[in-house]
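Numbering (the working numbering), first residue to last: 430 to 511. Take a look at the structure set out below.
Below is the structure:
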């Protein structure tokens, strides 16, 4: 038998650093790969409202996430979540 080496396709993931306020306290630098709020909810397990740069994100999750964004999660009636 002959050993064969094959190159696998490479997936490029863009990492962004956002300032996330989740659970109270000060916004924390957080690495994410999400490109919009729907993906961010799934990646971080967010279940409440999401605010991006002081604007409530679209309910359909299409609000984009870019490097350096300030993101707050509102859950249970508290900004910053929980």
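Note that the Cβ used here is the ideal one computed from N, Cα and C, for glycine as well.
Fill in: residue 487 versus 496, 474, 497 and 470, residue with shortest Cα-Cα distance
Selected option, being the one with the closest Cα: 470.
Worksheet item: Is the Cβ-Cβ distance between residue 485 and residue 494 less than 9 Å?
Response: No, these two residues do not count as a Cβ contact at 9 Å.
Worksheet item: Considering only residues of the same chain and omitting the five flanking positions on each side of residue 491, which have a CB-CB separation below 6 Å?
Response: The residues are 465.
Worksheet item: Taking the DSSP output, what are the residues bridged to residue 447?
Response: Paired residue(s): 459.
Fill in: Given residue 497 as reference, the closest of 454, 450 and 438 once Cα atoms are compared
It is 450.
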